[in-house]
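*Asks:*
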Amino acid sequence: MPATPDAAPRPPPRLATPKRTTLGVCAMAKKTQSKPMREILSRLPGDAFEIVIFEESVILEAAVEAWPVVECLIAFHSSGFPLDKAIQYAKLRKPFVVNDLRRQHLLRDRRLVYATLARAGVPTPRHVCVNRDRDVEQKIEELDDAIIIDGVKIEKPFVEKPVDSDDHNIRVYYPTSAGGGCKRLFRKVGNQSSKYEPDLHSIRREGSYLYEEFVDTQGTDVKVYSVGPYYGHAEARKSPTLDGVVLRGADGKELRYPVILSWVEKDVAFKIYHAFRQTVCGFDILRTHDGACLVCDVNGWSFVKKSRKYYDDCAALLAAILRGRDGRIVDMRPPPRELPPSPPKICSRPQSPSGLAPSRRELRCVIAVVRHGDRTPKRKLKVKTTHPSIVQIHRDRCKTPKKEVKLKESKDLRAFSSTLKAILLKDDIDAFRKIREVLKSHKLDDEEELLGGVFFSGCKLQLKPLKWEDDETTEVQVVLKWGGVLTELGAQHATALGAHFRRHMYPTTGGQGLLRLHATFRHDLKIRTSDEGRVMKTGAAFTKGLLELEGEISPILVSLIHRGRSDVHMLDRAGNHEAQELLALSKAHVSRCFQVDVELRGPDSDDEDAASSDSKFAQRRRFIAPDGPDSVLRALRDLGNPLRALRDLYDEMSSFIEKVSQKPCTEQLYMGESFGVWLDSWKCIRKEFYDQKAYDLSKIPEIFDKLRFDARHNALTLSFDAGFGVLVKKASTLSQAVAPLEFGSAAEPRRQAAWHVSRALLDKISFDLRTARGDTEDSGLHFQLDDHPEHLADSEIKSHWRAVRSRLYFTSESHLHALLDALRLNEHGTESVVDDAGRRWLSAVPELSYLSHVVFRLWEDTSYDTNAEGRYSVEVQVSPGTPFVPLETSDEAPPTLPLHSFARVSSAALERYLGGKHDVNSEENVAKARVLYEGLADSLEACAGGGVLRGVARLKV
Numbered sequence: 005m006p007a008t009p010d011a012a013p014r015p016p017p018r019l020a021t022p023k024r025t026t027l028g029v030c031a032m033a034k035k036t037q038s039k040p041m042r043e044i045l046s047r048l049p050g051d052a053f054e055i056v057i058f059e060e061s062v063i064l065e066a067a068v069e070a071w072p073v074v075e076c077l078i079a080f081h082s083s084g085f086p087l088d089k090a091i092q093y094a095k096l097r098k099p100f101v102v103n104d105l106r107r108q109h110l111l112r113d114r115r116l117v118y119a120t121l122a123r124a125g126v127p128t129p130r131h132v133c134v135n136r137d138r139d140v141e142q143k144i145e146e147l148d149d150a151i152i153i154d155g156v157k158i159e160k161p162f163v164e165k166p167v168d169s170d171d172h173n174i175r176v177y178y179p180t181s182a183g184g185g186c187k188r189l190f191r192k193v194g195n196q197s198s199k200y201e202p203d204l205h206s207i208r209r210e211g212s213y214l215y216e217e218f219v220d221t222q223g224t225d226v227k228v229y230s231v232g233p234y235y236g237h238a239e240a241r242k243s244p245t246l247d248g249v250v251l252r253g254a255d256g257k258e259l260r261y262p263v264i265l266s267w268v269e270k271d272v273a274f275k276i277y278h279a280f281r282q283t284v285c286g287f288d289i290l291r292t293h294d295g296a297c298l299v300c301d302v303n304g305w306s307f308v309k310k311s312r313k314y315y316d317d318c319a320a321l322l323a324a325i326l327r328g329r330d331g332r333i334v335d336m337r338p339p340p341r342e343l344p345p346s347p348p349k350i351c352s353r354p355q356s357p358s359g360l361a362p363s364r365r366e367l368r369c370v371i372a373v374v375r376h377g378d379r380t381p382k383r384k385l386k387v388k389t390t391h392p393s394i395v396q397i398h399r400d401r402c403k404t405p406k407k408e409v410k411l412k413e414s415k416d417l418r419a420f421s422s423t424l425k426a427i428l429l430k431d432d433i434d435a436f437r438k439i440r441e442v443l444k445s446h447k448l449d450d451e452e453e454l455l456g457g458v459f460f461s462g463c464k465l466q467l468k469p470l471k472w473e474d475d476e477t478t479e480v481q482v483v484l485k486w487g488g489v490l491t492e493l494g495a496q497h498a499t500a501l502g503a504h505f506r507r508h509m510y511p512t513t514g515g516q517g518l519l520r521l522h523a524t525f526r527h528d529l530k531i532r533t534s535d536e537g538r539v540m541k542t543g544a545a546f547t548k549g550l551l552e553l554e555g556e557i558s559p560i561l562v563s564l565i566h567r568g569r570s571d572v573h574m575l576d577r578a579g580n581h582e583a584q585e586l587l588a589l590s591k592a593h594v595s596r597c598f599q600v601d602v603e604l605r606g607p608d609s610d611d612e613d614a615a616s617s618d619s620k621f622a623q624r625r626r627f628i629a630p631d632g633p634d635s636v637l638r639a640l641r642d643l644g645n646p647l648r649a650l651r652d653l654y655d656e657m658s659s660f661i662e663k664v665s666q667k668p669c670t671e672q673l674y675m676g677e678s679f680g681v682w683l684d685s686w687k688c689i690r691k692e693f694y695d696q697k698a699y700d701l702s703k704i705p706e707i708f709d710k711l712r713f714d715a716r717h718n719a720l721t722l723s724f725d726a727g728f729g730v731l732v733k734k735a736s737t738l739s740q741a742v743a744p745l746e747f748g749s750a751a752e753p754r755r756q757a758a759w760h761v762s763r764a765l766l767d768k769i770s771f772d773l774r775t776a777r778g779d780t781e782d783s784g785l786h787f788q789l790d791d792h793p794e795h796l797a798d799s800e801i802k803s804h805w806r807a808v809r810s811r812l813y814f815t816s817e818s819h820l821h822a823l824l825d826a827l828r829l830n831e832h833g834t835e836s837v838v839d840d841a842g843r844r845w846l847s848a849v850p851e852l853s854y855l856s857h858v859v860f861r862l863w864e865d866t867s868y869d870t871n872a873e874g875r876y877s878v879e880v881q882v883s884p885g886t887p888f889v890p891l892e893t894s895d896e897a898p899p900t901l902p903l904h905s906f907a908r909v910s911s912a913a914l915e916r917y918l919g920g921k922h923d924v925n926s927e928e929n930v931a932k933a934r935v936l937y938e939g940l941a942d943s944l945e946a947c948a949g950g951g952v953l954r955g956v957a958r959l960k961v
């Protein structure tokens, strides 16, 4: 019946109060009562959700029929949680399950996790499994530096993970080149999360394990916390594989900092969500130095320990997912977008705020090229033998008699030592006894059960065939090589130098500013070395001091030191082939000149300053080194007569060897070396230095290195007398005259050789400078903080824009010489980057000793316009390295390494110089150098009036 016009209006209908959704939280009490869980649940709208916490006693003891009935369920496995009962409950009550329960079984077995990731197209580290819990037969072979499982070879460093995801007793095994041993990872105990075991080398023989290649992540782990398919919060922390020390804040929580994910990493999160159906999920990614992303673990429900923004976001997303639990939100696909073929760089480095004071200088980049530290001398023993037992080893290992056999594996060297032991029981062969003594000193005796750290000094044995009959070897030469490794003193000095860098190369108080920048991922650090063990270990020891790390250097080496093929080319072999002829010509010239009987020092006072003198004696010195450097000219003056100096050195060596032979030492020398082996090495180098026909000048630096080593490490044991000091002085002066000339005796050939040798390194330095200025595609930081204000406030970071790059290169002496020669010896008519004062100082440096280094520091001055050349400047500093004082063995203290300012120039000018096309035409320049050196040597011989050592007057290359 229609209402009449005068009828009273009806009141509006009353809206029913919406029913709240019951959300059950079914997990162990430790998880449900944790602060992160309470933070998230408290942020869910109270008018929309009624939270029901399942009591732990109910979960463990009551039947699922007695569990609370809810519409939505958060349930996840942790230690002690009855996952199968939770699955029964879900099947009985059919609530909306936030994290799929059945697929949580996949998360409990690391093999199933990796298999699921592979099906989803998510990259993982290369791995192989040992399945002792399954009825399968597998072939497992363990070598010193690798394991082979069913034909699949995984080389050290590799990670050994129990297949049980709840077992966190993980190990990382290191290669012999890094020092061997392994690092045990475990749940945090106090401030420790791992422990290095130097004598633990063999894999575990009980249980099932997953073995995967160790991934170089620059010592950083990234944990991603995803909510649904599109949201990911990432936090980075110091990797436990580094030094095992947990960094904690004032609240006692481990320090983690939010970082930005790349599009590729976000796509990985999307794939993991769909593969495991875990709406709230944590997983670990390994971000490699080249930007790749590998997933090494999926954890299921995980908590962010301290992030208000994450708690807000997680609660909001959970609420949206629960409201749309019919599937409209959960099953949405990502919006169409084009993924780049490779991971994009995160972004350019953060810019300084415009409010900085005018003329404010900010350090943008530190580049250092460092020589390795104190090392042991390289040694070798040779013996020819027809003994059947030794010859049979060669026959067993070679199909043809003309090939040589190399023994490097510890089991092979132990077997060889056992063979020698059996021989020596019947025949006392002196050479075999000494070889066995060396193997025993390296803990490679058949009686040793474990490999000790001393073994990892690069002991190698070769069997070279000398004679054969009817395709069978009848005589071989046994060659044992060892030595050339970083000493404990060298490691201590490198660590001290790293700490010195932290305090003085970065403009912060006491070095703590750099540590803060590094901990908060505003320090982009990359360390590259050649593949020589002493160089790699120097880099690791330096890094230990730089970052104030604790523990042994092996884990640091594997985690932070990069040595790819390009690094080996750049820091070890680069350019040597092209420069070989130029260097050989210079060495031949020096060898010829030094074997001329001529006086190089005059009696008059005009000859006192060797660098500036123009006397006839100075002219003779310049026939050997026409362009200096000054240190060589002064050393030549001190020698007086080069041929007489060589004879004196040989005579002093002979006298020294005779004296020590009369007082044999029964104590072991440094690194367990026997007196007999030590004495033989001196006799060997004396014979190589002079073969009764000519002197081999290439042995002079080796002789001086041996003397320096014995003065530092064996002087107290052997009780050297004053005669040893005289020998050191003579060898030192000769080495100062000869060693620098090995890289070129005249300026132009030296410059050409320097550019050949250091070209790749100079190109890399130029690239580093341009990158730090933001002029390359690689200008983004490897890790970049998420600069959301709430994240910064939680992390107590006030100047998120402040960042610095460090690029550290560790190499040999030859590369230091080449680098400095390329900088100071500019081609005629080209722009110079080194001032006269810098040239004079470097010319006077007698030696680039251990840990000598060159440092480039790039500064930005914001008082200049953005495009002004003066906005970026480079300061170049040089240190000649650790000092050496003969017979002073107390240099355990940090070395004195003074830095001298070598050049100050705009970055643009230096980059132009480094990028210029320098004339290094090999064939033409070699011909010119040959003519130059021949003329100089002829002139010196003319001054001698025929006084030349017979047989070497016309020494050719």
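No gaps in the numbering here: position 866 of the sequence shown is 870 in the working numbering, and each next residue is one more.
Using N, Cα and C, we set each Cβ at its ideal position, and we do this for glycine too.
(1) Buried or exposed: where does residue 825 fall if 16 or more other Cβ atoms within 10 Å of its Cβ makes it buried?
(2) Would you be able to state if there are at least three C-beta pairs under 8 Å between the segment 484-501 and the segment 544-561?
(3) Determine whether the beta carbon atoms of residue 698 and residue 599 lie at a separation below 9 Å.
(4) Among residues of its own chain, excluding the 5 on either side of residue 116, which ones have a beta-carbon nearer than 6 Å to its beta-carbon?
(5) Let me know if residue 871 comes out buried or exposed under the rule of 16 or more other beta-carbons within 10 Å of its beta-carbon.
(6) Residues bridged to residue 261 by DSSP?
(7) How long is the line joining the alpha carbons of residue 133 and residue 155, rounded to whole angstroms?
(8) Per DSSP, which residues does residue 472 bridge with? Please list them.
(9) Give the straight-line distance between the Cα atoms of residue 2 and residue 413, rounded to the nearest whole angstrom.
(10) Going by C-alpha distance, which of 945, 186, 137 is nearest residue 597?
(11) Assuming residue 393 is part of the alpha helix (DSSP H), what are its boundary residues?
(12) Excluding the 5 residues preceding and the 5 following residue 739 in the sequence, name in chain order all residues of the same chain whose CB lies nearer than 6 Å to its CB.
(13) Give me the residue from 60, 220, 685 with the minimum Cα distance to residue 563.
(14) Should residue 238 go down as buried or exposed, given a rule of 16 or more other Cβ atoms within 10 Å for buried?
(15) For the alpha helix (DSSP H) containing residue 772, list its first residue and its last residue.
(16) Could you spell out the range, first to last residue, of the beta strand (DSSP E) harbouring residue 387?
(17) Using 9 Å as the limit for Cβ to Cβ distance, is residue 387 near chain D?
(18) Can you tell me where the beta strand (DSSP E) holding residue 157 begins and where it ends?
(19) Determine the direct distance from the alpha carbon of residue 491 to that of residue 846, and round the result to whole angstroms.
(20) Could you check the C-alpha separation between residue 208 and residue 152 for me, to the nearest Å?
(21) Take the Cβ of residue 750 as the centre, count every other Cβ of all protein chains shown within 10 Å, and call the residue buried at 16 or more, exposed below.
(22) What distance in whole Å lies between the Cβ atoms of residue 129 and residue 322, which are believed to be in contact at a cut-off of 8 Å?
(23) Please tell me whether residue 602 and residue 741 are closer than 9 Å, where the distance is taken between their beta carbons.
(24) Could you say which of 240, 319, 324, 244 lies nearest to residue 287 if we only look at CA atoms?
(25) Count Cβ pairs between the segment 158-176 and the segment 211-219 that sit closer than 8 Å; are there 3 or more?
(26) Between the segment 300-311 and the segment 275-286, do at least 3 Cβ pairs fall closer than 8 Å?
(27) Measuring straight from C-alpha to C-alpha, what distance separates residue 271 and residue 405?
(28) Would you kindly check if the distance between the Cβ of residue 248 and the Cβ of residue 441 is under 9 Å?
(29) Compare the beta carbon distance of residue 877 and residue 865 with 9 Å and say whether it is the shorter of the two.
(30) Quick one: what's residue 528 bridged to in DSSP?
(31) Between 535, 541, 595, 554, which has its C-alpha nearest residue 572's C-alpha?
(32) Hey, would you say residue 375 sits closer than 9 Å to residue 748, going by beta carbons?
(33) Applying the 10 Å Cβ sphere with the 16-neighbour rule, what's the burial state of residue 267?
(34) Thinking C-alpha only, which one of 821, 58, 556, 941 is nearest residue 629?
(35) Quick check: the Cα distance between residue 58 and residue 570, rounded to an integer number of angstroms?
(36) Ordered along the chain, which non-local residues of its own chain (more than five positions away) have a Cβ less than 7 Å from that of residue 838?
*Replies:* The answer reads as follows:
(1) The residue labelled residue 825 in the question sits at position 821 within the sequence shown. Buried, since its Cβ has 16 or more Cβ neighbours within 10 Å.
(2) yes
(3) Walking along the sequence shown from the start, residue 698 turns up at place 694. Walking along the sequence shown from the start, residue 599 turns up at place 595. Yes.
(4) Position 112 of the sequence shown holds residue 116. Taken in chain order, the residues that qualify are 110.
(5) For the purposes of this step, residue 871 is taken as the residue at position 867 of the sequence shown. By the neighbour-count rule (16 or more Cβ atoms within 10 Å), residue 871 is not buried but exposed.
(6) Sequence index remark: in the sequence shown, residue 261 carries index 257 (1-based). DSSP output for residue 261 lists 240 as bridge partner(s).
(7) Position 129 of the sequence shown, counted from the start, is the residue given in the question as residue 133. Position 151 of the sequence shown, counted from the start, is the residue given in the question as residue 155. Their backbone Cα atoms lie some 12 Å apart in a straight line.
(8) Against the sequence shown, residue 472 aligns to sequence position 468. Looking at the DSSP output, residue 472 sits in a beta bridge with 477.
(9) The structure shown does not extend to residue 2, since the chain spans only 5 to 961, so no value can be given for it.
(10) For the purposes of this step, residue 597 is identified with residue 593 of the sequence shown, where counting begins at 1. Of 945, 186, 137, the residue nearest in Cα terms is 945.
(11) Here residue 393 corresponds to residue number 389 of the sequence shown, with the count starting at 1. Taken as a continuous stretch (DSSP letters only), the alpha helix (DSSP H) holding residue 393 covers 392-401.
(12) Residue 739 sits at position 735 when you count from the first residue of the sequence shown. Only 704, 705, 708 meet the Cβ criterion.
(13) Reading the sequence shown from its first residue, position 559 is the one you call residue 563. It is 220.
(14) Sequence index remark: in the sequence shown, residue 238 carries index 234 (1-based). That one is buried.
(15) In the sequence shown, residue 772 corresponds to position 768, counting from 1. Counting along the chain, the alpha helix (DSSP H) containing residue 772 begins and ends at 751-776.
(16) Here residue 387 is taken as the residue at index 383 of the sequence shown, counted from 1. Run containing residue 387: 382-389, per the beta strand (DSSP E) assignment.
(17) Given the protein chain composition of this structure (a single chain), no chain D is represented.
(18) On the sequence shown, position 153 is the one that residue 157 refers to. Its beta strand (DSSP E) spans residues 156-159.
(19) Mapped onto the sequence shown, residue 846 falls at position 842. Mapped onto the sequence shown, residue 491 falls at position 487. Their Cα atoms are separated by approximately 28 Å.
(20) Counting from 1 along the sequence shown, the entry for residue 208 is found at position 204. Counting from 1 along the sequence shown, the entry for residue 152 is found at position 148. Cα-Cα distance, rounded: 14 Å.
(21) Counting from one through the sequence shown, the residue named residue 750 turns up at place 746. With 16 or more other Cβ atoms within 10 Å, it is buried.
(22) Your numbering for residue 322 matches position 318 in the sequence shown. Your numbering for residue 129 matches position 125 in the sequence shown. About 32 Å; that fails the 8 Å criterion.
(23) Locating residue 602 in the sequence shown gives position 598, where the first residue counts as 1. Locating residue 741 in the sequence shown gives position 737, where the first residue counts as 1. The answer is no: Cβ separation not under 9 Å.
(24) Reading the sequence shown from its first residue, position 283 is the one you call residue 287. Among 240, 319, 324, 244, the Cα nearest to that of residue 287 belongs to 240.
(25) yes
(26) yes
(27) Mapped onto the sequence shown, residue 271 falls at position 267. Mapped onto the sequence shown, residue 405 falls at position 401. Cα to Cα, residue 271 sits roughly 57 Å from residue 405.
(28) The residue given as residue 441 occupies position 437 in the sequence shown. The residue given as residue 248 occupies position 244 in the sequence shown. It is not a contact, given that the beta carbons lie outside the stated cut-off.
(29) By one-based count along the sequence shown, residue 877 stands at place 873. By one-based count along the sequence shown, residue 865 stands at place 861. Yes, the Cβ-Cβ distance between residue 877 and residue 865 is below 9 Å.
(30) Taking the first residue of the sequence shown as position 1, residue 528 is located at position 524. According to DSSP, which records beta bridges pairwise, residue 528 is partnered with 809.
(31) As a position in the sequence shown, residue 572 is number 568, starting the count at 1. Of 535, 541, 595, 554, the residue nearest in Cα terms is 535.
(32) In the sequence shown, residue 375 corresponds to position 371, counting from 1. In the sequence shown, residue 748 corresponds to position 744, counting from 1. Cβ distance not < 9 Å, so residue 375 and residue 748 don't count as in contact.
(33) In the sequence shown, the residue the question calls residue 267 occupies position 263. It counts as exposed.
(34) Start at 1 with the first residue of the sequence shown, and residue 629 comes out as number 625. When each option's Cα is compared against that of residue 629, the closest is 941.
(35) Sequence index remark: in the sequence shown, residue 58 carries index 54 (1-based). Sequence index remark: in the sequence shown, residue 570 carries index 566 (1-based). For residue 58 and residue 570, the distance between alpha carbons rounds to 58 Å.
(36) Your numbering for residue 838 matches position 834 in the sequence shown. 827, 828, 906, 907, listed in sequence order.
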